[in-house]
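FYI, in mature numbering (1 follows the signal peptide of the UniProt record, and there is no 0) the residues of the sequence shown are -19 to -1, 1 to 383. Built from N, CA and C at the ideal position, the CB exists for glycine as well. Please read these numbers as outputs of a predicted model, since none were measured by experiment.
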Amino acid sequence: MILHSAILLCLLTIGRANADIVSGKLQKRQIDPSAQASCRNFYADIYAETKSNVDLRSVIGRPPENQQALNELFLSTYAVGSTITQRISSAPHIEVKEAYSIYFEYCEPSGTTPKGIYQTHHGLVATADYWNVQVDDSVGVYSFAENAAANGWATLSYDRLGVGRSAHPDGTNIVQIPYEIEQSVGIARALREGTLGDLGRFDTIVGVGHSYGSGLVTGVTSISPTTFDAIILTGYSSNATDGPIGIIQFQPTISSLAYPERFSSNPNDYVITPTQTNDQLGFFHYPNYTREAIETFTRTKGEFTLGQRYTRGIPATLNRDNYTSPVLVFTGENDGIYCTANCYITSLPPPATQLDKTRELFPSVENFQTFVVNDTGHGINFHTTAREAYRKIFEFVDGLGL
């Protein structure tokens, strides 16, 4: 497998919604006078190459012409005797070599040099905002970036390709996890070289993912084992049960139909959860969230593509024998997607949980730890347990002596 990534262009000065760019400079955006983090937004063109994208169109065809066609596609995928999954796994690979505009948010501790940086990767139905959740002008209650800054670390988050404020190319054959893995490697390389905007050089990078983003991070450890000094996989385990259950929870809907005011320009291979009820089923555990939190989630959630949906399992098939750095798997007790809503039920002997099965993906890692966030669903960062959960992450990282 020959794969390459690089940064083509670091700053765009084109004005776009929510972009705080002034004359090619990164404009600082203080969240709140009492905040620990100073944050700024910018765009960069990220170039990546992969020969591992899948020719999905040869199996599922062009974007569905309507919602009925999309529903039938998913029903056909999971019907008894369906061969769609097998046909996708044996479909030809295609090469993608292109640069795409990516929206970033960078947060750093106010008034001090950061110890290192968390490079984050959000999941499906999310955006970069997942790592800097602001509910009712709260400071530090839900925001990972704010809590990381209080602990002395910077955070780089971004809308993954095909999501939110980033570019929206072909949602079937281009916006897939193999290409996104290469983009992540390129972003980390730019952070180490000091070529991503004016952020400077970072010697210590911890890769953090949530859900699909965690799978993406495991893919990075396969193709570039030294990219991250450690990884944290949240909302994740090796027990992904989001097939038929995922259809019920997510009810994938053509995004331009579900929210025309936000996604009217999206092609039909860009989909999203259609209602707040679906968001609750997929991401929340009652009663440990507030009405304001779930309303914020629904208002700020992002779309995802059929390409991402049908290639999300690829990282689990890759070899990670050469990855030796620390791993923390960190998931809500009631995660319906990765724990079938109870992480403590497992075939492993006590006190193991379903998260411990993930160790099998990292045969060469000595420092492998897990943590179950009690009374919490899939979308950890929107729960009332978020801040305490972050403390566990920072304790893990502090203990590594990076």
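Annotation note: the segment 17 to 50 contains the following uninterrupted alpha helix (DSSP H) runs of length 4 or greater, listed N- to C-terminal: 38 to 41. Scanning V35, S70, R68 and T351 for the CA closest to the CA of S219 turns up T351.
Going by DSSP, G288 is part of the alpha helix (DSSP H) stretching over L287 to T292. Going by beta carbons, P159 and N34 fall inside the 8 Å limit. Put simply, the segment 356 to 363 touches the segment 315 to 323. At least three CB pairs are less than 8 Å apart. Taking the Cα positions, D110 is about 29 Å away from N47.
The shortest CA-to-CA distance from Y267 to any of F231, V166 and E314 is the one to E314.
Within the same chain, K96, G97, I98, D210 and L383 come within 8 Å of T185 by CB-CB distance, once the 5 residues on both sides are set aside. Every unbroken stretch of the alpha helix (DSSP H) spanning 4 or more residues and falling wholly within the segment 112 to 189 is given here in chain order: 125 to 131 and 158 to 174. By the Cβ test, the segment 81 to 91 is not in contact with the segment 338 to 346, since fewer than three Cβ pairs between them sit closer than 8 Å.
The count of Cβ pairs closer than 8 Å, one atom from the segment 171 to 179 and one from the segment 119 to 136, stays below three, leaving the stretches out of contact. By the C-beta density criterion, G200 is buried, having at least 16 other C-beta atoms within 10 angstroms. Using a Cβ-Cβ distance cut-off of 8 Å, the segment 16 to 24 and the segment 36 to 54 are not in contact, since fewer than three pairs of beta carbons, one from each stretch, lie closer than that value.
For L197, no beta strand (DSSP E) segment is defined; the enclosing uninterrupted segment is the alpha helix (DSSP H) at Y193 to I204.
If you ignore the 5 residues before and after N303, its C-beta comes within less than 6 Å of the C-beta of P206, all in its own chain and listed in chain order. For F244, the closest C-alpha among the options S63, R272, I213 and T286 is that of T286. K96 sits in coil when the DSSP states are folded into three classes, being neither helix nor strand.
With three or more CB-CB distances shorter than 8 Å, the segment 69 to 86 counts as touching the segment 23 to 32.
Only residues of its own chain outside the window of five on either side were considered, and among them S57 have a CB closer than 8 Å to the CB of S63, listed in chain order. Ranked by Cα distance from S236, the first of L262, E284 and S203 is E284.
Using a C-beta cut-off of 8 Å, the segment 103 to 119 makes contact with the segment 263 to 283, since at least three inter-stretch Cβ pairs fall below that distance.
Y59 has no beta-bridge partner at all, per DSSP. Between L105 and S192, the gap from beta carbon to beta carbon is short of 8 Å. At a Cβ-Cβ threshold of 8 Å, Q232 and N259 count as neighbours. With the rule of 3 Cβ pairs closer than 8 Å, the segment 141 to 150 does not count as touching the segment 121 to 131. When DSSP assignments are scanned along the segment 309 to 373, the uninterrupted stretches of beta strand (DSSP E) that are 3 or more residues long and fall wholly within it turn out to be 349 to 354. Bounds of the beta strand (DSSP E) holding E79 are H74 to P90.
In the structure shown, L214 adopts extended strand secondary structure according to DSSP, grouped into three states. In the DSSP assignment, I295 falls outside any alpha helix (DSSP H), carrying neither H nor E. Contact check for T101 and S138: beta-carbon distance about 5 Å, within the 8 Å limit, so the pair qualifies.
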